[in-house]
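A short worksheet on the structure shown next.
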Amino acid sequence: MDDVDAVLMRASIPVHVVAGIAVVLNLLVVVVFARTKQLRIKYYGFVFNLVLADIAYPAMLIIFIHFRHVATVVALSRAFFLTAQLSILAVAVNRLLALSLMPPARYDAVVTPVRMVIACLLIWILSAVLFLPTTYLQDPTINWLIQALIPLFILIVTGVLYLVVFRKISMYTPPLASIGGVNNIDGQAGTRVRQTRHLMVTFTIIFVASAVCWLPFCVGFIVLFTHGELTLSVVVFLRHSYAALPMNSALNPFIYFWRFREGREGFYRLLCACSSRWKHQAETDASTVAETEM
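Right, here's the structure in full:
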(Lines of atoms letter the chains of each structure in order from A; the text may use other names.)
(Lines give C-alpha, C1' and ligand atoms only; values in the text may rest on other atoms or scores of the structure.)
Protein backbone atom coordinates (compact mmCIF):
# COMPACT_ATOMS: atom_id res chain seq x y z
CA MET A 0 0.00 0.00 0.00
CA ASP A 1 2.88 2.36 0.77
CA ASP A 2 4.36 1.66 -2.68
CA VAL A 3 1.04 2.53 -4.33
CA ASP A 4 0.79 5.78 -2.37
CA ALA A 5 4.36 6.64 -3.33
CA VAL A 6 3.62 6.06 -7.03
CA LEU A 7 0.49 8.22 -6.87
CA MET A 8 2.34 10.94 -4.96
CA ARG A 9 5.08 11.07 -7.61
CA ALA A 10 2.43 11.25 -10.32
CA SER A 11 0.78 14.15 -8.46
CA ILE A 12 3.89 16.36 -8.39
CA PRO A 13 3.44 17.63 -11.99
CA VAL A 14 -0.20 18.44 -11.19
CA HIS A 15 0.80 20.69 -8.28
CA VAL A 16 3.51 22.44 -10.31
CA VAL A 17 1.46 23.08 -13.46
CA ALA A 18 -1.71 24.01 -11.56
CA GLY A 19 0.21 26.42 -9.31
CA ILE A 20 1.79 28.13 -12.32
CA ALA A 21 -1.63 28.37 -14.00
CA VAL A 22 -3.18 30.05 -10.95
CA VAL A 23 -0.37 32.62 -10.66
CA LEU A 24 -0.37 33.48 -14.38
CA ASN A 25 -4.14 33.91 -14.55
CA LEU A 26 -4.14 36.05 -11.40
CA LEU A 27 -1.66 38.26 -13.25
CA VAL A 28 -4.14 38.44 -16.15
CA VAL A 29 -6.87 39.53 -13.70
CA VAL A 30 -4.61 42.36 -12.48
CA VAL A 31 -3.97 43.43 -16.08
CA PHE A 32 -7.72 43.40 -16.78
CA ALA A 33 -8.37 45.48 -13.66
CA ARG A 34 -5.74 48.08 -14.63
CA THR A 35 -6.56 48.27 -18.36
CA LYS A 36 -9.75 50.13 -19.27
CA GLN A 37 -9.68 48.91 -22.89
CA LEU A 38 -10.08 45.31 -21.68
CA ARG A 39 -13.11 46.03 -19.50
CA ILE A 40 -15.61 45.88 -22.37
CA LYS A 41 -18.14 43.24 -23.37
CA TYR A 42 -15.94 42.21 -26.33
CA TYR A 43 -13.68 40.55 -23.75
CA GLY A 44 -16.50 39.35 -21.47
CA PHE A 45 -16.14 35.64 -22.11
CA VAL A 46 -12.35 35.98 -22.16
CA PHE A 47 -12.46 37.23 -18.57
CA ASN A 48 -14.89 34.45 -17.66
CA LEU A 49 -12.39 31.93 -19.03
CA VAL A 50 -9.63 33.59 -16.98
CA LEU A 51 -11.69 33.12 -13.80
CA ALA A 52 -12.35 29.48 -14.71
CA ASP A 53 -8.62 29.01 -15.36
CA ILE A 54 -8.00 30.17 -11.79
CA ALA A 55 -10.79 28.18 -10.16
CA TYR A 56 -10.14 24.85 -11.85
CA PRO A 57 -6.36 24.51 -11.21
CA ALA A 58 -6.84 25.68 -7.61
CA MET A 59 -9.61 23.13 -7.08
CA LEU A 60 -7.50 20.45 -8.78
CA ILE A 61 -4.77 20.91 -6.18
CA ILE A 62 -7.39 20.53 -3.44
CA PHE A 63 -8.84 17.50 -5.23
CA ILE A 64 -5.49 15.68 -5.16
CA HIS A 65 -5.54 15.78 -1.36
CA PHE A 66 -9.30 15.39 -0.81
CA ARG A 67 -10.33 13.20 -3.75
CA HIS A 68 -12.72 11.20 -1.56
CA VAL A 69 -14.78 14.27 -0.64
CA ALA A 70 -17.78 14.35 -3.00
CA THR A 71 -18.18 18.14 -2.93
CA VAL A 72 -14.54 18.69 -3.92
CA VAL A 73 -14.89 16.20 -6.78
CA ALA A 74 -18.08 17.88 -7.98
CA LEU A 75 -16.60 21.39 -7.88
CA SER A 76 -13.44 20.36 -9.72
CA ARG A 77 -15.55 18.82 -12.49
CA ALA A 78 -17.86 21.83 -12.63
CA PHE A 79 -14.99 24.34 -12.89
CA PHE A 80 -13.38 22.22 -15.62
CA LEU A 81 -16.65 22.32 -17.57
CA THR A 82 -16.94 26.09 -17.04
CA ALA A 83 -13.70 26.62 -18.96
CA GLN A 84 -15.00 24.48 -21.82
CA LEU A 85 -18.35 26.28 -21.95
CA SER A 86 -16.61 29.68 -21.92
CA ILE A 87 -14.71 28.73 -25.08
CA LEU A 88 -18.00 27.55 -26.61
CA ALA A 89 -19.71 30.80 -25.57
CA VAL A 90 -17.18 32.84 -27.55
CA ALA A 91 -18.31 31.13 -30.76
CA VAL A 92 -21.99 31.69 -29.91
CA ASN A 93 -21.32 35.35 -29.11
CA ARG A 94 -19.40 35.98 -32.33
CA LEU A 95 -22.07 34.16 -34.35
CA LEU A 96 -24.62 36.58 -32.89
CA ALA A 97 -22.33 39.50 -33.73
CA LEU A 98 -22.23 38.40 -37.37
CA SER A 99 -25.91 37.52 -37.60
CA LEU A 100 -27.35 40.63 -35.94
CA MET A 101 -26.47 43.25 -38.52
CA PRO A 102 -26.18 46.20 -38.49
CA PRO A 103 -23.93 46.22 -35.39
CA ALA A 104 -26.43 48.39 -33.51
CA ARG A 105 -28.81 45.41 -33.37
CA TYR A 106 -26.14 43.26 -31.72
CA ASP A 107 -25.31 46.03 -29.24
CA ALA A 108 -29.00 46.33 -28.36
CA VAL A 109 -29.41 42.58 -27.80
CA VAL A 110 -26.05 41.75 -26.17
CA THR A 111 -25.76 44.30 -23.38
CA PRO A 112 -23.08 44.23 -20.63
CA VAL A 113 -25.70 43.15 -18.08
CA ARG A 114 -26.83 40.25 -20.26
CA MET A 115 -23.20 39.30 -20.81
CA VAL A 116 -22.68 39.08 -17.03
CA ILE A 117 -25.86 37.00 -16.69
CA ALA A 118 -24.65 34.66 -19.46
CA CYS A 119 -21.33 34.19 -17.65
CA LEU A 120 -23.14 33.38 -14.40
CA LEU A 121 -25.37 30.90 -16.24
CA ILE A 122 -22.26 29.12 -17.53
CA TRP A 123 -21.09 28.53 -13.95
CA ILE A 124 -24.58 27.44 -12.88
CA LEU A 125 -25.01 25.09 -15.86
CA SER A 126 -21.64 23.48 -15.15
CA ALA A 127 -22.67 22.81 -11.56
CA VAL A 128 -26.07 21.47 -12.63
CA LEU A 129 -24.47 19.05 -15.09
CA PHE A 130 -21.86 17.63 -12.73
CA LEU A 131 -23.10 18.00 -9.16
CA PRO A 132 -25.88 15.36 -9.44
CA THR A 133 -23.67 12.86 -11.31
CA THR A 134 -21.07 12.94 -8.54
CA TYR A 135 -23.45 11.10 -6.23
CA LEU A 136 -24.36 8.30 -8.66
CA GLN A 137 -24.15 4.87 -7.07
CA ASP A 138 -22.79 3.20 -10.22
CA PRO A 139 -19.18 4.40 -10.70
CA THR A 140 -18.97 3.09 -14.29
CA ILE A 141 -21.78 5.42 -15.41
CA ASN A 142 -19.99 8.25 -13.64
CA TRP A 143 -16.78 7.47 -15.53
CA LEU A 144 -18.64 7.42 -18.84
CA ILE A 145 -20.27 10.78 -18.12
CA GLN A 146 -16.89 12.33 -17.26
CA ALA A 147 -15.53 11.15 -20.61
CA LEU A 148 -18.50 11.96 -22.85
CA ILE A 149 -19.53 15.44 -21.64
CA PRO A 150 -16.12 17.06 -22.39
CA LEU A 151 -15.91 15.23 -25.73
CA PHE A 152 -19.42 16.34 -26.68
CA ILE A 153 -18.63 19.98 -25.84
CA LEU A 154 -15.37 19.81 -27.81
CA ILE A 155 -17.24 18.53 -30.88
CA VAL A 156 -20.01 21.15 -30.59
CA THR A 157 -17.41 23.90 -30.11
CA GLY A 158 -15.45 22.75 -33.16
CA VAL A 159 -18.58 22.72 -35.32
CA LEU A 160 -19.62 26.20 -34.15
CA TYR A 161 -16.15 27.59 -34.84
CA LEU A 162 -16.37 26.22 -38.40
CA VAL A 163 -19.80 27.86 -38.82
CA VAL A 164 -18.44 31.23 -37.65
CA PHE A 165 -15.41 31.07 -39.95
CA ARG A 166 -17.66 30.11 -42.86
CA LYS A 167 -19.88 33.12 -42.12
CA ILE A 168 -16.79 35.35 -42.01
CA SER A 169 -15.58 34.01 -45.37
CA MET A 170 -19.00 34.71 -46.92
CA TYR A 171 -18.92 38.36 -45.87
CA THR A 172 -18.47 40.66 -48.87
CA PRO A 173 -17.21 44.14 -47.99
CA PRO A 174 -18.97 46.99 -49.81
CA LEU A 175 -17.10 48.49 -52.77
CA ALA A 176 -16.21 52.13 -52.41
CA SER A 177 -16.74 52.60 -56.16
CA ILE A 178 -20.41 51.60 -55.91
CA GLY A 179 -22.28 54.33 -54.11
CA GLY A 180 -19.57 54.79 -51.49
CA VAL A 181 -19.27 53.12 -48.12
CA ASN A 182 -21.69 54.41 -45.50
CA ASN A 183 -21.10 54.44 -41.77
CA ILE A 184 -23.13 51.26 -41.09
CA ASP A 185 -21.17 49.29 -43.69
CA GLY A 186 -17.95 50.52 -42.12
CA GLN A 187 -19.11 49.38 -38.69
CA ALA A 188 -20.07 45.98 -40.11
CA GLY A 189 -16.63 45.60 -41.66
CA THR A 190 -14.99 46.50 -38.36
CA ARG A 191 -17.18 43.99 -36.51
CA VAL A 192 -16.18 41.23 -38.96
CA ARG A 193 -12.48 42.04 -38.56
CA GLN A 194 -12.83 42.00 -34.77
CA THR A 195 -14.65 38.68 -34.94
CA ARG A 196 -12.00 37.16 -37.20
CA HIS A 197 -9.21 38.24 -34.85
CA LEU A 198 -10.99 36.94 -31.74
CA MET A 199 -11.96 33.67 -33.44
CA VAL A 200 -8.39 33.02 -34.61
CA THR A 201 -7.23 33.64 -31.04
CA PHE A 202 -9.79 31.27 -29.58
CA THR A 203 -9.14 28.67 -32.26
CA ILE A 204 -5.58 28.52 -30.93
CA ILE A 205 -6.99 28.23 -27.39
CA PHE A 206 -9.49 25.59 -28.55
CA VAL A 207 -6.84 23.44 -30.24
CA ALA A 208 -4.57 23.71 -27.19
CA SER A 209 -7.45 22.79 -24.91
CA ALA A 210 -8.40 19.78 -27.04
CA VAL A 211 -4.83 18.48 -26.89
CA CYS A 212 -4.73 18.97 -23.11
CA TRP A 213 -8.20 17.54 -22.41
CA LEU A 214 -8.20 14.45 -24.65
CA PRO A 215 -5.87 12.35 -22.41
CA PHE A 216 -8.31 12.94 -19.53
CA CYS A 217 -11.26 11.77 -21.66
CA VAL A 218 -9.34 8.77 -22.99
CA GLY A 219 -8.40 7.77 -19.44
CA PHE A 220 -12.03 7.65 -18.32
CA ILE A 221 -13.06 5.76 -21.47
CA VAL A 222 -10.40 3.15 -20.66
CA LEU A 223 -11.61 3.11 -17.06
CA PHE A 224 -15.20 2.56 -18.22
CA THR A 225 -14.08 -0.22 -20.58
CA HIS A 226 -12.13 -2.03 -17.84
CA GLY A 227 -14.96 -1.57 -15.38
CA GLU A 228 -12.62 -1.32 -12.40
CA LEU A 229 -9.79 0.78 -11.02
CA THR A 230 -6.30 -0.52 -11.71
CA LEU A 231 -3.01 1.06 -10.66
CA SER A 232 -1.87 1.68 -14.25
CA VAL A 233 -5.12 3.44 -15.19
CA VAL A 234 -5.11 5.53 -12.00
CA VAL A 235 -1.49 6.60 -12.62
CA PHE A 236 -2.38 7.50 -16.23
CA LEU A 237 -5.32 9.57 -15.01
CA ARG A 238 -3.14 11.31 -12.44
CA HIS A 239 -0.71 12.28 -15.22
CA SER A 240 -3.63 13.41 -17.41
CA TYR A 241 -4.66 15.75 -14.58
CA ALA A 242 -1.36 17.58 -15.13
CA ALA A 243 -2.27 18.14 -18.78
CA LEU A 244 -5.59 19.78 -17.87
CA PRO A 245 -4.18 22.86 -16.07
CA MET A 246 -1.43 23.08 -18.70
CA ASN A 247 -4.10 24.58 -20.96
CA SER A 248 -4.89 27.14 -18.24
CA ALA A 249 -1.18 27.97 -17.96
CA LEU A 250 -0.84 28.47 -21.73
CA ASN A 251 -3.85 30.75 -22.13
CA PRO A 252 -2.26 33.89 -20.54
CA PHE A 253 0.60 33.71 -23.06
CA ILE A 254 -1.96 33.48 -25.88
CA TYR A 255 -3.82 36.52 -24.52
CA PHE A 256 -0.68 38.66 -24.36
CA TRP A 257 0.40 37.45 -27.81
CA ARG A 258 -2.92 38.06 -29.57
CA PHE A 259 -4.45 41.01 -27.67
CA ARG A 260 -2.59 44.30 -28.12
CA GLU A 261 -4.47 45.86 -25.18
CA GLY A 262 -3.33 42.97 -22.99
CA ARG A 263 0.31 43.44 -23.97
CA GLU A 264 0.19 47.17 -23.36
CA GLY A 265 -1.52 46.66 -20.00
CA PHE A 266 1.10 44.10 -18.99
CA TYR A 267 3.96 46.40 -20.00
CA ARG A 268 2.42 49.28 -18.02
CA LEU A 269 2.10 46.99 -15.02
CA LEU A 270 5.77 46.00 -15.30
CA CYS A 271 6.83 49.63 -15.65
CA ALA A 272 4.75 50.63 -12.62
CA CYS A 273 6.27 47.84 -10.52
CA SER A 274 9.77 48.70 -11.74
CA SER A 275 9.31 52.39 -10.90
CA ARG A 276 7.96 51.51 -7.46
CA TRP A 277 10.90 49.19 -6.74
CA LYS A 278 13.37 51.82 -7.98
CA HIS A 279 11.77 54.51 -5.82
CA GLN A 280 11.81 52.19 -2.80
CA ALA A 281 15.48 51.36 -3.39
CA GLU A 282 16.37 55.06 -3.62
CA THR A 283 14.40 55.77 -0.44
CA ASP A 284 16.17 52.95 1.41
CA ALA A 285 19.56 54.15 0.19
CA SER A 286 18.78 57.70 1.31
CA THR A 287 17.66 56.45 4.72
CA VAL A 288 20.86 54.45 5.15
CA ALA A 289 22.99 57.45 4.15
CA GLU A 290 21.21 59.74 6.63
CA THR A 291 21.61 57.14 9.39
CA GLU A 292 25.35 56.84 8.79
CA MET A 293 25.74 60.62 8.93
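Position 196, counted from 1, in the sequence shown is what numbering that gives the first Met the number 0 calls 195; the numbers after and before it change by one each time, with no gaps. Glycine included, C-beta positions come from ideal geometry on N, C-alpha and C.
When rounded, the separation of the alpha-carbon atoms in P215 and S11 is 16 Å.
Contact between R77 and F130 holds: their C-beta atoms lie close to 4 Å from each other, under 8 Å.
With contact defined as three or more Cβ pairs closer than 8 Å, the segment 260-269 and the segment 31-44 are in contact. Taking the CA atoms as reference points, L154 sits about 24 Å from W257. Taking C-beta atoms under 8 Å as the contact rule, F202 and V90 qualify, at a distance of about 5 Å. Annotation for I168: L98, V192, T195, R196, M199 place their beta carbon closer than 8 Å to its own, counting only its chain and skipping 5 residues before and after.
With a cut-off of 8 Å on Cβ pairs, the segment 37-45 is not in contact with the segment 239-251, counting fewer than three such pairs. Between N48 and S86, the beta carbon gap of about 5 Å places them in contact (Cβ cut-off 8 Å). The three-state secondary structure of G227, taken from DSSP, is coil. DSSP places M59 in the uninterrupted alpha helix (DSSP H) bounded by 44-65. Taking C-alpha positions only, T230 is separated from A70 by approximately 21 Å. Annotated as proximal: C212 and N247, with beta-carbon spacing under 8 Å. Comparing alpha carbon positions, the residue from L269, N93, V50, M8 closest to V22 is V50. In terms of Cβ geometry, L88 and V156 form a close pair [threshold 8 Å]. Counting along the chain, the unbroken alpha helix (DSSP H) around F152 starts and ends at 139-169. Its chain contains E261 as the residues whose beta carbon lies nearer than 7 Å to that of Q37, once the 5 sequence neighbours on both sides are disregarded; these appear in chain order.
For C119, the number of other beta carbons within 10 angstroms of its own is at least 16, and it is reported as buried. Counting along the chain, no alpha helix (DSSP H) covers T111, and no H or E run does either.
Closest option to L60, judged by alpha-carbon separation, among V207, V16, M101: V16. Boundaries of the alpha helix (DSSP H) around Q84: 70-99.
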